[in-house]
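Quick note: the sequence shown, position 521, residue 1512 per our numbering, numbers continuous.
We put the beta carbon where it would ideally sit given N, CA and C, even for glycine.
If you're wondering where the values come from, they're calculated on a predicted model, not measured in any experiment.
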Amino acid sequence: MPDRASTHTPAPTVEEPDRLRNVALIGAGGAGKTTLTESLALTAKALTRAGTVPDGTTVSDHEDIEHQQQRSVQLSLVPLAWQDTKINLLDTPGYADFSGELHAGLRAAEAALFVVSATDPISQPMLALWRECATEGIPRAIVLTHLNAVRVHLDEVLAVLQDAFGEGHPDTVLPLHHYDLREGRLHGSVDLLTGRHYGEPADLPDLAAARTALAEAIAGEDDTLLERYLAGEELDTAALVEAVRREVVQGTLHPVLATAPPLDPAGPAPGAEEVLDLIAQAFPSPLDRNDELPPCEPDAPLAAQVVHTGEDPYVGRLSLVRVFSGTLRPDTAVHLPDRPDERITALTCPFGKQQRPVPHALAGDLVCAAKLGGARTGDTLTTDGALIAPWALPEALLPCAVEAHSKADEDKLSQALAKLAAQDPTLRVEQNPDTHQLVLWCTGEAHQAVVLDRLRSRHGVHVDTVPYKVALRETFGGPSSGHGRHVKQSGGHGQYAICDLTVEPLPGGGFEFVDKVVGGAVPRNFIPSVEKGVRAQLAHGVLAGFPMVDVRVTLTDGKAHSVDSSDAAFQTAAALALREAASHAKVQLLEPVDEVRVLLPDEYQGAVLSDLSARRGHVLGTEPGGPGLSLVRAEVPELELTRYPVDLRSLSHGTGQFSRSYLRHAPMPANLAAHYEKAS
């Protein structure tokens, strides 16, 4: 990353929680969240430029891969000072693969700022996130970007926003300013309530009617103001401004703001000051939070949570911590769940790649703690042992099998993956006991690319991706019998063991071993040897090298020698008998079948049902999954689900979600089984 031609102000601090604003920036990739963050930082003088910031370099970038892929891949914090208020901007990833980071940002914030491109204002994923925030009671506002695009008409964009986000109540989605948009450029705005001018708006129309309409809409959501308005009383500006804050905090008003690139490259970005004013004046503080998390009390016992874990090339692991209750100070000993206590060393406030020391972090604030080696993302840090429930995380359902590229890489791989998993709770690392593959379970292809890049760039570990293997099984398709004879004489003690077995299918019954030998044909001390030999052969399979399951094996007869029989000889004879039985019977390959639950908008149900059928799926049924949503339940072979997270995202335009759980192993179709038999 090129050096940034900029300087940074000292870390902003406050001593009262009511002067804090924690805001998550949410938007689709390319909507302009990171650009908006930089504009707000410049306007707040947290960042001052000497010339132009190099292309692609922003205050919230952390990884080279963000520049390569042109998208943010992790949560980043940008703290600003504005109107005696500390504003913690949490820039969240806009790509679905990194929704775990987005939800971490929502856990740390009291409000959400939806960043929407005027050229593509509504997408189904953004609408789903808006509804999720509504369900969680998170106050929301909207910032429009890309106003400099050709043929953008603010009135038309506003109508689209009101229809989508208002959900039947368009008066809840309102602009608080009149914007002067001429010739594709935003020249300034006027606050409709206070009359304050921002920028250099010109040729303004009479705004009295617009102010009256806004005042009526605000009063309509506030019983006290509505009563005054209906009584013919003039609503004063102070009352309206206070009502705006009250309604924003309650989630009954969602202001719409607009921003645009600077008219002068060295000048301020139009609209940025309006956004900062709204956040400082109308957004909730941590004291307004009303959920099951610990109350915001600086003097209470410490209750904090790690919302993001990163790496700094100089100080090592950095934990971004949201303090919910109490005050976090250096040298504080904190409890970690199921791990030894650790002591906080230095506390810092991040800004891009800089870390600025801070003396403490009071309830409601966010801070970075260095070298908490045992802390993982989602962990609670407390002084009294109380736990904070983790936030909802997307399930990692896209497998990526890897092998170390060299012996040197193999020596470092386990430790590197352990560090990545501690930092990224959406990554699941599995050493599959059936296929013996090392599998990285990711949320999507972009997440997979980031994980592999971090292995290489952060930890110097190179891996090769290999085809993912599904754990197949074998079983007998019908009853059969086998004779195993292991007789060798080569001087001294020989080897002598003979046994006869019958094998029959036992669907869903696992494995049973039955001893029906009579007359001592096989001495009692060698019966366990026969079972051991059968089990060993079952583990290796008899057809294509997959473990054999769901069979009953009965020892019916055999012979032994008083001198040459041994445990090893009867194990070998038992394996030979099982293989012979398999040669006389049809051996089936079994594939794992998962129960799949897909939640998606009704409009995509037909496409998803057709796709499940094409995947050899058996649809069990559909049912309502919420307003405008369907829940589809189906049984699908695991072989058909390897890339389903990617394909479902495409089918449902990024709106579908699914979960899966192992159900059973079932016979594989003959044409597919032939492929595996041939490969063996």
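Just checking my contact of residue i with residue j at CB under 8 Å: how many whole Å lie between their CB atoms?
i	j	result
E1288	S1316	5 Å
L1309	L1293	So it is not a contact: roughly 19 Å between Cβ atoms.
G1524	Q1562	3 Å
A1380	T1300	That belief does not hold up - the Cβ atoms of A1380 and T1300 are roughly 18 Å apart, past 8 Å.
D1400	V1452	5 Å
V1578	F1467	6 Å
F1089	H1438	7 Å
V1508	G1549	7 Å
Within 10 angstroms of its Cβ, does residue i collect 16 or more other Cβ (buried), or is it exposed?
i	result
Y1305	exposed
N1662	exposed
Y1635	buried
D1375	exposed
T1049	Confidence in T1049 is poor, its pLDDT being 46 and thus under 50, which makes the residue's placement unreliable; the coordinate value appears in the next sentence. It is buried - the Cβ of T1049 has at least 16 other Cβ atoms within 10 Å.
Y1170	buried
G1047	With a pLDDT of only 37 at G1047, under the threshold of 50, the placement of this residue in the model should not be trusted; the figure read from the coordinates follows. Exposed is the call here.
T1203	exposed
L1580	buried
S1650	exposed
V1623	buried
S1604	exposed
Y1653	exposed
D1182	buried
P1045	With a pLDDT of 35 at P1045, under the threshold of 50, the predicted position of this residue should be treated as unreliable, though the coordinate-derived value follows. The residue is exposed, with fewer than 16 neighbouring Cβ atoms inside 10 Å.
L1567	buried
S1471	buried
E1191	exposed
What did DSSP end up calling residue i once you bin it into helix, strand or coil?
i	result
K1479	strand
K1362	coil
R939	Residue 939 lies beyond the stretch modelled for the chain, which goes from 992 to 1671, so this question has no answer here.
H1656	strand
E1582	strand
D1009	helix
V1513	coil
R1570	helix
H1484	coil
E1054	Legend: pLDDT at E1054 = 47, less than 50; position of this residue unreliable, no value from coordinates given.
L1404	helix
T1048	Note that T1048 scores a pLDDT of 39, beneath 50, so its modelled location is shaky; the value from the coordinates is reported in the next line. Coil, per DSSP.
T1613	strand
K1577	coil
I1379	coil
E1283	coil
Y1667	helix
T1456	strand
S997	Residue confidence for S997 is low, a pLDDT of 40 falling below 50, so the modelled location carries little weight; the figure read from the coordinates is stated next. In the structure shown, S997 sits in a strand (DSSP, three-state: E or B).
N1662	helix
T1004	coil
V1267	According to the sequence as given, residue 1267 is Leu; it is not Val. Of the three classes helix, strand and coil, the one that applies to L1267 here is helix, per DSSP.
Given a cut-off of 7 Å, decide if residue j and residue i are closer than it, judged by their beta-carbon atoms.
i	j	result
G967	G1018	Absent from the model: residue 967. The displayed extent of the chain is 992 to 1671, so no value can be given.
V1494	Y1487	no
V1420	A1360	no
L1016	V1106	yes
A1208	D1162	yes
V1544	L1463	no
R1010	T1083	no
L1231	L1177	no
V1014	L1066	no
T1711	A1140	This structure does not reach residue 1711, given that the chain is present from 992 up to 1671, and the question cannot be answered.
P1628	R1607	yes
G1355	E1465	no
A1249	L1071	no
Take residue i as the anchor and find which of the options has the nearest alpha-carbon.
i	options	result
Q1345	L1135, L1600, V1069	V1069
L1591	D1585, A1605, H1575, E1614	E1614
V1637	C1433, V1005, A1399, Q1153	C1433
S1601	V1533, D1585, A1625, P1618	A1625
G1023	A1035, S1063, P1001	S1063
V1005	Q1153, S1276, H1144	S1276
T1417	H1094, G1021, D1444, L1031	H1094
A1366	V1349, D1332, R1347	D1332
H1295	G1645, R1098, L1497, S1557	At residue 1295 the sequence reads Ala, which differs from the His that was named. Comparing Cα positions, the closest option is R1098.
T1092	G1597, G1128, L1529, W1382	Checking the sequence shown, residue 1092 turns out to be Glu, not Thr. Checking every option, the nearest Cα to that of E1092 belongs to W1382.
T1339	A1354, P1321, T1371	P1321
A1035	H1484, K1507, P1350, A1271	A1271
S1481	D1555, R1330, G1510, W1073	D1555
Mind checking whether the beta-carbon of residue i lies closer than 6 Å to any heavy atom of the ligand PLP?
i	result
G1020	The ligand content of the structure shown is nil, which means the ligand PLP is not present either.
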